[in-house]
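Chemist:
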Amino acid sequence: MLVFGLVLAACSNDSASEGDGDSIGKAVDYKIVGIEPGAGIMQATEKALEEYDNLADWNLVESSSSAMATELQKAIEKQEPIIVTGWTPHWMFAKFDLKYLEDPKGIYGESESLGTFVRKGLKDDQPSAYKVLDQFYWEPEDMEEVMVNIHDGTEPEEAAASWVEANSDKVAEWTKGAEKVNGEKISLAYVAWDSEIASTNVVGKVLEDLGYKVELIQLDAGPMFAAVAEGDADAMVSAWLPVTHASYIKQYGDQLENLGENLEGAKTGLVVPSYVDIDSIEELK
Ligand code: PBE
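Taken in order, the sequence shown gives residues 5 to 289; the numbers are from this note's numbering.
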């Protein structure tokens, strides 16, 4: 009887440790795979590691959006645990079975919206482009469609052009009342986040079809806001609010003209493959 009891105890102890933070921490070497250091999701994750109890052992590893996605794909191929900084819309939710870790402290906020900001004076200088940027609005599924196409190997400009061609009704709403121009220059600043590669290429294509000579300027997050604030770029469609880019808006908001939301229902957070046995950030401790 005594031996039987011990075996039972050992068994239940074993299975209990499988799902707890100790084993997930060990299994991923206490690493969260991050993206570019300037991303709002990196600031939010540092904050999460401070504000949730007992996460001092964890490290957020700087990387890039594409390297993060590669790490995720490799882990999934081997069915190994991994934790990444993730967001929606993103092609990875279409390609892999993933889940967000619950965030009971609300560090990543609830739903995010994406916003369009332009330099002051654009309305007078380039009224047609201003009108299109002001009227640009689409749904998460639209953005995801372009992202999936790019992920599957289509060049961003081509993926944007096919979406524009297939969605002439939506595009007509954006260009309503905008007159054609004759080779005027317009520049759009963006960061090489998969979502923003998609949106910026689509808006760029629409402006090009209107007659603009469009330049897409790839920058880090801070320099993107600074470029539009200082008039070095004309516009950006890549502001994530109210949480993700709050610090940049605090710094540059006064120098920018806010043209409002261009997409609603976005989200950021810590993301794991569905087979990972935890559901909440609290379980990382
Ligand atoms: N993202 C994608 C960005 C905004 C767009 C969520 C990675 C960020 O965290 O700043």
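Where is the CB? At the ideal position from N, CA and C, for every residue including glycine. Here the structure is a predicted model, which means the values were calculated and not measured.
Once the 5 residues before and after Lys-127 are set aside, which same chain residues still bring their CB inside 6 Å of it?
Modeler: By 1-based counting over the sequence shown, the position of residue 127 is 123. The residues are Tyr-134.
Chemist: How far does the alpha helix (DSSP H) with Gln-139 in it extend, from its first residue to its last?
Modeler: Taking the first residue of the sequence shown as 1, we reach residue 139 at position 135. Its alpha helix (DSSP H) spans residues 131-139.
Chemist: Looking at Ser-242: is its Cβ nearer than 8 Å to the Cβ of Glu-200?
Modeler: Counted from its first residue, the sequence shown places residue 242 at position 238. Counted from its first residue, the sequence shown places residue 200 at position 196. Closer than 8 Å, so yes.
Chemist: Once DSSP output is grouped into helix, strand and coil, what is the label at Phe-121?
Modeler: Here the question's residue 121 lines up with position 117 in the sequence shown. Three-state result, Phe-121: strand.
Chemist: From this set, Ser-27, Glu-177, Gln-83, which residue's C-alpha is nearest Asp-101's C-alpha?
Modeler: Here residue 101 refers to the residue found at position 97 of the sequence shown. Checking every option, the nearest Cα to that of Asp-101 belongs to Gln-83.
Chemist: Along the chain, where does the alpha helix (DSSP H) that runs through Ala-176 open and close?
Modeler: Numbered from 1 along the sequence shown, position 172 holds the residue referred to as residue 176. It spans 172-179 - the alpha helix (DSSP H) in which Ala-176 sits, taken as one unbroken run.
Chemist: One question on the structure: do Leu-220 and Gly-208 come within less than 8 Å of each other, judged by their Cβ atoms?
Modeler: Reading the sequence shown from its first residue, position 216 is the one you call residue 220. Reading the sequence shown from its first residue, position 204 is the one you call residue 208. Yes, they are a contact pair.
Chemist: Along the beta strand (DSSP E) that carries Ala-43, what are the first and last residues, could you check?
Modeler: Here residue 43 refers to the residue found at position 39 of the sequence shown. That residue, Ala-43, is in no beta strand (DSSP E); it is neither H nor E in DSSP.
Chemist: I'd like to know whether the C-beta atoms of Leu-274 and Tyr-104 end up nearer to each other than 8 Å.
Modeler: Reading the sequence shown from its first residue, position 270 is the one you call residue 274. Reading the sequence shown from its first residue, position 100 is the one you call residue 104. The Cβ-Cβ distance between Leu-274 and Tyr-104 falls below 8 Å.
Chemist: For the alpha helix (DSSP H) containing Trp-91, name the first residue and the last one.
Modeler: In the sequence shown, residue 91 corresponds to position 87, counting from 1. First-last for Trp-91: 88-92, but that is the beta strand (DSSP E), not the alpha helix (DSSP H).
Chemist: To the nearest angstrom, how far is it from the Cα of Gln-259 to the Cα of Met-240?
Modeler: For the purposes of this step, residue 259 is taken as the residue at position 255 of the sequence shown. For the purposes of this step, residue 240 is taken as the residue at position 236 of the sequence shown. Rounded to whole angstroms, the separation of the alpha carbons of Met-240 and Gln-259 is 13 Å.
Chemist: Per the DSSP calculation, Ala-239 is bridged to which residue(s)?
Modeler: Position 235 of the sequence shown holds residue 239. Secondary-structure assignment with DSSP links Ala-239 through a beta bridge to Val-122, Leu-192.
Chemist: According to DSSP, is Gln-255 helix, strand or coil?
Modeler: If you number the sequence shown from 1, residue 255 lands on position 251. DSSP places Gln-255 in helix when its eight states are reduced to three.
Chemist: Quick one: residues in its chain with C-beta nearer than 7 Å to the C-beta of Met-147, no 5 flanking neighbours on either side, listed in chain order?
Modeler: To locate residue 147, count along the sequence shown from 1; it is residue 143. Answer for Met-147: Pro-93, Ser-199, Ala-202, Ser-203, Leu-267, listed in chain order.
Chemist: Residues in its own chain within less than 7 Å of Lys-51 by CB, not counting five upstream and five downstream?
Modeler: As a position in the sequence shown, residue 51 is number 47, starting the count at 1. Cβ neighbours of Lys-51 beyond the five flanking positions: Ile-111.
Chemist: Take the Cβ of Pro-108 as the centre, count every other Cβ of all protein chains shown within 10 Å, and call the residue buried at 16 or more, exposed below.
Modeler: Along the sequence shown, read from residue 1 onward, the residue named residue 108 stands at position 104. The residue is exposed, with fewer than 16 neighbouring Cβ atoms inside 10 Å.
Chemist: Give a yes or no on whether the C-beta atoms belonging to Val-210 and Thr-179 are separated by under 8 Å.
Modeler: Locating residue 210 in the sequence shown gives position 206, counting from the first residue. Locating residue 179 in the sequence shown gives position 175, counting from the first residue. Yes, the Cβ-Cβ distance between Val-210 and Thr-179 is below 8 Å.
Chemist: For Met-312, which option in Leu-288, Ser-278, Glu-286, Pro-246 has the closest C-alpha, if you only look at C-alpha atoms?
Modeler: Beyond the ends of the chain as shown, which are 5 and 289, falls residue 312; an answer cannot be given.
Chemist: Does the distance between the C-beta of Ile-45 and the nearest non-hydrogen atom of the ligand PBE fall short of 7 Å?
Modeler: Walking along the sequence shown from the start, residue 45 turns up at place 41. Between the ligand PBE and the CB of Ile-45, the shortest heavy atom gap is smaller than 7 Å.
Chemist: On the criterion of 16 or more Cβ atoms from any shown chain inside 10 Å, does Ala-233 qualify as buried, or is it exposed?
Modeler: Taking the sequence shown and counting its residues from 1, the one referred to as residue 233 is at position 229. Under this definition Ala-233 is a buried residue.
Chemist: Taking Val-122 as the reference, give the member of Ser-115, Glu-265, Asn-153 with the closest Cα.
Modeler: Locating residue 122 in the sequence shown gives position 118, counting from the first residue. When only C-alpha atoms are compared, the closest one is Glu-265.
Chemist: According to DSSP, is Asn-186 helix, strand or coil?
Modeler: Sequence index remark: in the sequence shown, residue 186 carries index 182 (1-based). Asn-186 falls in the coil class under three-state DSSP.
Chemist: Report the rounded CA-to-CA distance for Lys-184 versus Gln-139, giving the unit in angstroms.
Modeler: What you label residue 184 is simply residue 180 of the sequence shown in a count that begins at 1. What you label residue 139 is simply residue 135 of the sequence shown in a count that begins at 1. Rounded to whole angstroms, Lys-184 to Gln-139 spans 16 Å at the Cα level.
Chemist: For Lys-82, does the three-state DSSP call read helix, strand or coil?
Modeler: To locate residue 82, count along the sequence shown from 1; it is residue 78. If DSSP states are grouped into helix, strand and coil, Lys-82 belongs with coil.
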